[in-house]
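Numbering (this note's numbering), first residue to last: 721 to 898. Where a beta carbon is used, it is the ideal one built from N, C-alpha and C, also for glycine.
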Ligand code: XMP
């Protein structure tokens, strides 16, 4: 698997240190609230596990299955909700976790859905945000790292379903993408 990686962009140790900082911010903002974390499958799984272990608050954890990339390297532009039911967030303080903010459509769509379900507050937290003009698209409330506008894999992010289990964020060799 490692041989398919052109470059490691953010290594494991750097990610862990940044998670300590994000966790402190989340703690400060959600302390004393009725908290629900909604992690977006499947990309946020590693991020969720490592971040939430650092947040010793009382919380419920839910996962939501959404898709916008459909396995390739370009966003389809359409956000699909793949679950039949949504988590019960009425009156709760929600933190949405996602792996990466690209166009912002995914987080925007999930945020709207959870507000419609009656959430008292919805905040967003992403490991990565692509450095693209954000006048029209939303920014997250908490961002781990800002990266260039390039396709990345690892630490939850995939290419055609693979590479999610890499402990770092990296760029694939062009020969792998084909
Ligand atoms: P939007 O455009 O809605 O996209 O902000 C967010 C979702 O798109 C996926 N995404 C990526 N997945 N490498 C990936 O493996 C990338 O560079 C990348 N950029 C966006 C991801 O699923 C995210 O939740």
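Would you mind working out which of 737, 729, 743 and 722 sits nearest residue 817, comparing C-alpha positions? 743
Would you mind sorting residue 767 into buried or exposed? The rule is 16 or more other CB atoms within 10 Å of its CB. buried
Can you tell me whether residue 750 is buried or exposed? The criterion is at least 16 other CB atoms within 10 Å of its CB, across all chains shown. buried
Note down, one range per segment and in chain order, each beta strand (DSSP E) of at least 3 residues found wholly within the segment 840–879. 841–850 and 862–867
Taking residue 728 as the reference, give the member of 870, 881 and 898 with the closest Cα. 870
Beta-carbon gap between residue 844 and residue 788 smaller than 9 Å: no
Return the Cβ separation of residue 896 and residue 872 in integer angstroms, given the expectation that the two are a contact with Cβ distance under 8 Å. That pair is no contact at about 13 Å.
Who pairs with residue 821 in a beta bridge, going by DSSP? 849
In the DSSP assignment, find the unbroken alpha helix (DSSP H) run with residue 737 in it and report its ends. 732–750
Taking 8 Å as the cut-off, does the CB of residue 663 come closer than this to any heavy atom belonging to ligand 1? Since the first and last residues shown for the chain are 721 and 898, residue 663 lies out of range.
Leaving aside the five residues before and after residue 862 along the sequence, list all residues of the same chain whose C-beta is less than 8 Å from its C-beta, in chain order. 742, 745, 746, 843, 844, 845 and 846
Checking the sheet assignment: what are the DSSP bridge partners for residue 804? According to DSSP, residue 804 bridges with nothing at all.
How many angstroms separate the CA atom of residue 773 from the CA atom of residue 840? 24 Å
Mark residue 731 as exposed unless 16 or more other C-beta atoms lie within 10 angstroms of its C-beta, in which case mark it buried. exposed
Residue 778 versus 867, 762 and 815, residue with shortest Cα-Cα distance: 815
Whole-Å CB distance - residue 883 paired with residue 721, under 8 Å assumed: 7 Å
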